[in-house]
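What follows is one structure encoded as structure tokens, with my remarks underneath.
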Amino acid sequence: MSVLALEKLKRRFGDDILETHSKLGDDTVLVKPERIYEVAQFLKDDPELQFDMPIDNTGVDWWQVSEPRFEVIWHLYSTLKHMRIRIKVRIGEDNPTCASLTPLWPGMNWHERETWDMYGIRFSGHPNLKRVLMYEEFVGYPLRKDYPITKRQPLIEERLVRDVPTQRNPPADMLNRP
Amino acid sequence: MKDEDIIHNEVLVTRRADAESWLRQTIERMSQPGINWSRKFSLFNYPFVTACCGMEFMSVNGPRYDMAQYGAEFPRFSPRQADLIWIVGTITQKQAPILRRVWEQMAEPKWAIAFGVCASTGGFYDNYCTVQGADRIIPIDVYIPGCPPRPEQIIDGLRLLMDKIQTEHGRVMV
């Protein structure tokens, strides 16, 4: 449906568009991280596209699978042209930073905060980048693949509870002490 | 014989202690069933509803399953006026301090029911953010399994708690 958008982007931005595909009808575009803001602005402002509705923002951690490690994904919808598009950027582990799209769509605010909360991806230009689901005392980013799967960070001391040891929760870990 | 002599008379003191303890036990034995009976039929709920089990709690509170027949239908949304806390749903690490605070605000005597697997054991949320059972935060009297439990199970759990209240022993404070 929005193959039109992919064609327009390729014509307008050329080599800054790394990859496009429309598998299963999902139009996807992979952009250079430093050009994401301009691409998004073009998608929003172009009179033939008018992607005016932010749908989602999320991240993917490709730890020990591929390089660069993180992928940040935005989903957009055009309520006037009835088109959807997915924009991706890939950013490295040492400085996971990319431009925030909240100045363009205020609805991206909490979505990007969630991505920061879960993956530790920093959005430059975001007005209020702090944790939205986890508490401020939480250390680390829980959806990163290198976050220990049984690690918990209780806010208050827990009562001693006897529990049945399982393979996944060895007895020493049962008491849940950090 | 002066008062001091009575107090220091070992035989008399022992007899008085015996008499007092007999009297206290008699009062407790006679009054405890009645006190427990009145307590178990007038439970005031504090629904600590955090997740989807709340729907089932509403259903069991409604007219079809009718928790009112056990005198436990009236929710008080202030912990100071409640004596039974229903922990209905997943308790996250972020929620845990709130739950403990609510529990500490409730006046004695007080009871707690863990409603559903998440409140009982954490359920299938064996992850970074979920407390593995509300009993790690506060003491629980009755655990009701199920995801969510059927209203019949909930009524059964409530009846178990009522039986437990009936067998409780208090002390006469004199």
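Taken in sequence, the protein lines are chains A and B.
This note's numbering numbers the first residue of the first sequence as 2 and each following residue consecutively.
This note's numbering numbers the first residue of the second sequence as 41 and each following residue consecutively.
Where is the CB? At the ideal position from N, CA and C, for every residue including glycine.
As the structure is a prediction and not an experimental result, all values here were calculated from the model.
Buried versus exposed, by CB contacts within 10 Å (16 or more), residue i
i	result
residue 73/B	exposed
residue 173/B	buried
residue 37/A	buried
residue 55/A	buried
residue 16/A	exposed
residue 201/B	buried
residue 102/B	exposed
residue 203/B	exposed
residue 62/A	buried
residue 148/B	exposed
residue 80/A	exposed
residue 82/B	exposed
residue 96/B	buried
residue 57/B	exposed
residue 102/A	buried
residue 146/A	exposed
residue 77/A	buried
residue 13/A	exposed
residue 41/A	buried
residue 159/A	buried
residue 78/B	exposed
residue 176/B	buried
residue 161/A	exposed
residue 100/A	buried
residue 84/A	buried
residue 117/B	exposed
CB contact below 8 Å: residue i versus chain A
i	result
residue 176/B	yes
residue 168/B	yes
residue 147/B	no
residue 136/B	yes
residue 74/B	no
residue 173/B	yes
residue 140/B	yes
residue 133/B	yes
Neighbour flag for residue i against chain B, beta carbons, 8 Å
i	result
residue 133/A	no
residue 115/A	no
residue 122/A	no
residue 179/A	Interpretation of residue 179/A is limited by its pLDDT of 47, a score under 50 that renders its predicted location unreliable; the figure taken from the coordinates is listed afterwards. No, its Cβ sits nowhere closer than 8 Å to a Cβ of chain B.
residue 162/A	yes
residue 136/A	yes
residue 154/A	yes
residue 159/A	yes
residue 97/A	no
residue 143/A	yes
residue 38/A	no
Cβ-based neighbour list, residue i, same chain, cut-off 7 Å, excluding 5 preceding and 5 following
i	result
residue 88/B	125, 126, 127, 128, 139 and 142
residue 121/B	84
residue 208/B	76
residue 156/A	136 and 138
residue 82/A	50 and 51
residue 161/B	172 and 173
residue 93/A	69 and 70
Sub-8 Å separation of residue i and residue j beta-carbons
i	j	result
residue 121/A	residue 97/A	yes
residue 105/A	residue 45/A	yes
residue 196/B	residue 153/B	no
residue 148/A	residue 105/B	no
residue 135/B	residue 119/B	no
residue 155/B	residue 189/B	yes
residue 108/B	residue 198/B	no
residue 99/B	residue 179/B	no
residue 65/B	residue 153/A	no
residue 57/A	residue 112/A	yes
residue 150/B	residue 123/B	yes
Own chain, CB closer than 8 Å to residue i, minus 5 neighbours either side, in chain order
i	result
residue 158/B	91, 93, 129, 130, 131, 165, 170 and 187
residue 114/A	127, 129, 130, 131, 132 and 133
residue 60/A	71, 72, 73, 74, 116, 119, 120, 122 and 144
residue 21/A	7, 10, 11, 28, 29, 30 and 31
residue 185/B	156, 157, 160 and 193
residue 140/A	154
residue 206/B	73, 76, 77 and 80
Own chain, CB closer than 6 Å to residue i, minus 5 neighbours either side, in chain order
i	result
residue 178/A	Low local confidence applies: a pLDDT of 49 at residue 178/A is under 50, so the model's placement there is unreliable, and no value is given.
residue 19/A	31
residue 108/A	55
residue 163/B	157
Practice problem: Count the C-beta pairs between the region 81 to 96 of chain A and the region 32 to 45 of chain A that are closer than 8 Å, then say yes if the count reaches three, no if not. | Solution: yes
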